[in-house]
Amino acid sequence: MPARKEIRSWLLPISQPQTLRAVALLLLDWTLFLAAISGVVLLPPWWLKLPAALAAGFVIGRLFIIGHDACHQSYTPHRRLNRWLGRIAFLPSLTPYSLWEVGHNVMHHGFTNLKGKDFVWQPLTPAEYAALTPARRLLERVYRSGWAPGLYYFVEMWWLRMLFPSKRYMPARRGLFVADGLLAVAAGAAWIAALLWAAHVTSQSAWALVVLGFAVPFAFWNAMIGFVIYVHHTHTEVQWHEDKARWSASDPFVSTTVHLTFPLRIGGLLHHIMEHTAHHVDMSIPLYKLRQAQAILETALPGRIIGSDVLYERDDGGALAAFIGRHALPRCELLIVDPNRGNRSAFGKRMAALGFEFSETALTAEAGRPDYRGRLMRFLRR
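Numbered according to this note's numbering, the sequence shown spans residues 684 to 1065.
Here it is as structure tokens:
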């Protein structure tokens, strides 16, 4: 594995943030958020209000990702502007900017998956789990069931560590932490007050409007960010370490996170935050350049990126199939090993459209080669 400094040098040509693009994205997402909340207020039946409420929750997630970028000082070239844009973007998620900065930038990125430092989805040994109280063991089982990552984020990250945390969770006491906490509370209070006013002037149920206009979007947002963090750092191939020397030697900037892909370009709707390896390699890459950065890494580091294979990405499979179609000779046979990480079905359909017959066989791990598994894809040109 090349040194991190060398890997980051590969990304320098695309790492320059753009102020106008950044501000435009923030304005777009705030417009979408206000439009969704307006839909909750103005659409008459509840079955139209509910989709608007869920859409508002999704846009809160988009705004949070912008704030996350600004907090890394990668959103625009201007540090002070990033701090203000980040706070503005964090308002709907009620996220205190400075506390997120410490917990995420310093602890999570500084010590990703080093046990005792990075607390996010920190695994437990059987002995550690057995030492928990029955109530805590039940809560851990709920958290780690796969159904409740939103509850984990709400309790363990937002409530305990960001909204006026106790000394147990944040030993440092700073006035800025309190100010940002008050800003988050004020944002929530103003949001609810606006809904109560809207309920009054439109003669709607105040409770119903607060539930659909505030509680549902906020719950959806927690489920969304909880899912994102859960899938980024709980893959079976993701490494955790207790020993700092072994952790440092494991290339944690690559080995501790996952690139998760979605169909229908959903990754773009999430501001490409799922191109997470690129983000951990270099936090200065702006969100609107993460896709290009991820492609560079997956081309230059084959087999080292967890959860993805550049050959079978839905967005890149068409280019690969077109390349093969141009250069493959008649009656040629092409063999590709798919390690069960990509869009094999979509790639196979593209190859069939180019006149290739397709068959596949399962590969099982061989002695001494546990990584040799997946599907052997065989293409024969007619």
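Quick reminder that beta carbons are idealized off the backbone N, C-alpha and C, glycines included. Note that this is a predicted model, so its numbers are computed, not measured.
Taking Leu-731 as reference, the option from Asp-934, Ala-831, Pro-1013 and Leu-895 with the minimal CA-CA separation is Leu-895.
In the DSSP assignment, Thr-960 falls within the unbroken alpha helix (DSSP H) covering 959-964. Boundaries of the alpha helix (DSSP H) harbouring Trp-880: 858-884, taken from the DSSP string. Judged by DSSP in its simplified three-state form, Thr-940 adopts coil rather than helix or strand. Here Gly-769 has Gly-750, Ala-753, Cys-754 and Tyr-780 as same chain residues with Cβ atoms under 6 Å from its own Cβ, once five neighbours each way along the sequence are excluded. Ranking Ile-1019, Gly-740, Ala-772 and Arg-1014 by CA distance to the CA of Ala-898 puts Gly-740 first. The straight-line gap separating the alpha-carbon atoms of Pro-727 and Trp-874 is approximately 20 Å. Counting only the Cα atoms, His-883 lies some 43 Å from His-915. The beta-carbon separation of Val-803 and Ile-956, rounded to 15 Å, does not stay under the 8 Å limit for a contact. In the structure shown, Thr-702 falls within a helical segment according to DSSP collapsed to helix, strand and coil. Separation of the CB atoms of Arg-745 and His-954 is rounded to 6 Å, and the pair is thereby assigned contact status at 8 Å. Each residue's CA atom was taken as its position, placing Gly-722 and Gly-829 some 31 Å apart. Assignment of Val-894 by DSSP, reduced to helix, strand and coil, places it in the helix class. For Phe-773, the enclosing alpha helix (DSSP H) has its first and last residue at 762-773.
Bounds of the alpha helix (DSSP H) holding Thr-982 are 973-983. Excluding sequence positions up to five before and after Trp-930, its CB lies within less than 6 Å of the CB of Leu-797 and His-924, all in the same chain and listed in chain order. The beta carbon of Met-684 is closer than 6 Å to those of Asp-934 in its chain, skipping five residues each way along the sequence. Residue pairing by DSSP places Val-1020 opposite Leu-1059 in a beta bridge. Here the C-alpha atom of Pro-775 lies approximately 8 Å from the C-alpha atom of Gly-871. Leaving aside the five residues that flank Thr-917 on each side, the residues in its chain whose CB is nearer than 7 Å to its CB run, in chain order, Trp-804. Relative to Val-706, the option among Val-742, Thr-778 and Ala-772 whose CA is nearest is Ala-772. Separation of the CB atoms of His-942 and Ile-988 is rounded to 6 Å, and the pair is thereby assigned contact status at 8 Å. Distances from the alpha-carbon of Phe-837 to those of Ala-810, Leu-777, Glu-811 and Ser-886 put Leu-777 closest. Between the segment 967-977 and the segment 696-704 there are three or more C-beta pairs closer than 8 Å, enough to call the two in contact. With contacts defined as CB atoms closer than 8 Å, Arg-844 and Tyr-852 qualify as a contacting pair. Rounded to whole angstroms, the gap between the alpha carbons of Ser-692 and Leu-980 is 11 Å.
When only Cα atoms are considered, Leu-1059 and Glu-1040 end up about 14 Å apart. Its Cα nearest to that of Lys-927, the residue Asp-801 stands out among Phe-847, Ala-881, Asp-801 and Ala-876. With respect to Val-937, Val-964 sits close: the two C-beta atoms are nearer than 8 Å. Arg-929 carries a helical assignment under DSSP once its states are collapsed to helix, strand and coil.
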